[in-house]
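Structure, as structure tokens:
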Amino acid sequence: MQETVAAFQGLPEAASVLAALTQLQQQSLPELEEEYTRLFELNKKLTLYCTYYKLEDSRKRGDTLAKLKVLYESFGSALAQPELADYLPAMLEFLAYGDFLEAPHQRELLFMLAVIEDGTYHMLKEAEESPYVELLRSTRQLVRACIDLQEVAVQ
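To convert, take the position in the sequence shown, counting from 1, and add 641; that gives my numbering.
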């Protein structure tokens, strides 16, 4: 947890992330698993597949998933099977551990950020209050800030 606290120091979202993590820390592992399962795995309205809300099972979703898969591969990464490319934890892990600063096709990451931003917007519309949901809200704010910074840099 100390690494997480250090990573968020100075960010506007730090207080809400730390509050959510503190709440989660007060629960036992079985309680955490139960809440996570209830929120995200047994609830069609709050799935962690970011393109599902807007595109459901359409052809356009398939195209988006394929584009995301190519994006992972273009940076030398691959998804664990059988995960779909729009799975929020996988995208966040990819972004957290990737080395993108010198990448020639860095701007392509905006597509993934847009998928996350749009998906979390729809998730939050359907969500009940929970520390997990607070982490989603903070994630969306951080992703939105990244998109805004990139748009300013392009201008």
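All C-beta atoms in this analysis are idealised placements derived from N, C-alpha and C, irrespective of residue type, glycine included.
Since we're looking at a predicted model, the values are computed, not measured.
I need the straight-line Cα distance from residue i to residue j, nearest angstrom please.
i      : j      : result
Glu734 : Leu776 : 14 Å
Gln667 : Leu659 : 12 Å
Gln722 : Ala744 : 26 Å
Pop quiz: residue i and residue j are said to be a contact at Cβ under 8 Å. What is the actual Cβ separation, rounded to whole angstroms?
i      : j      : result
His763 : Tyr677 : Actually they are not in contact, since the Cβ atoms of His763 and Tyr677 sit about 19 Å apart, beyond 8 Å.
Tyr773 : Leu662 : Tyr773 to Leu662, Cβ: 11 Å. No contact.
Arg756 : Asp727 : Here residue 756 is Val; the residue named in the question, Arg, does not match the sequence. Sure, about 6 Å apart at Cβ, within 8 Å.
Quick one: residues in its chain with C-beta nearer than 7 Å to the C-beta of residue i, no 5 flanking neighbours on either side, listed in chain order?
i      : result
Glu654 : Ser779, Gln782, Leu783
Leu712 : Glu749, Phe752, Met753
Leu696 : Arg702, Thr705
Ala731 : Leu720, Glu724
Leu689 : Phe681, Tyr728, Leu729, Pro730
Gln791 : Leu751
By the DSSP assignment, the alpha helix (DSSP H) with residue i in it spans what residues?
i      : result
Thr692 : Run containing Thr692: none; DSSP gives neither H nor E here.
His763 : 750-767
Thr705 : 700-715
Glu675 : 670-677
Gln667 : From DSSP, Gln667 is part of no alpha helix (DSSP H); its letter is neither H nor E.
Which partner residues of residue i appear in the DSSP bridge assignment?
i      : result
Tyr728 : Tyr690
Excluding five sequence neighbours on each side, which residues of the same chain lie with their C-beta closer than 8 Å to the C-beta of residue i?
i      : result
Leu665 : Leu673, Pro772, Tyr773
Lys710 : Leu720, Ala726
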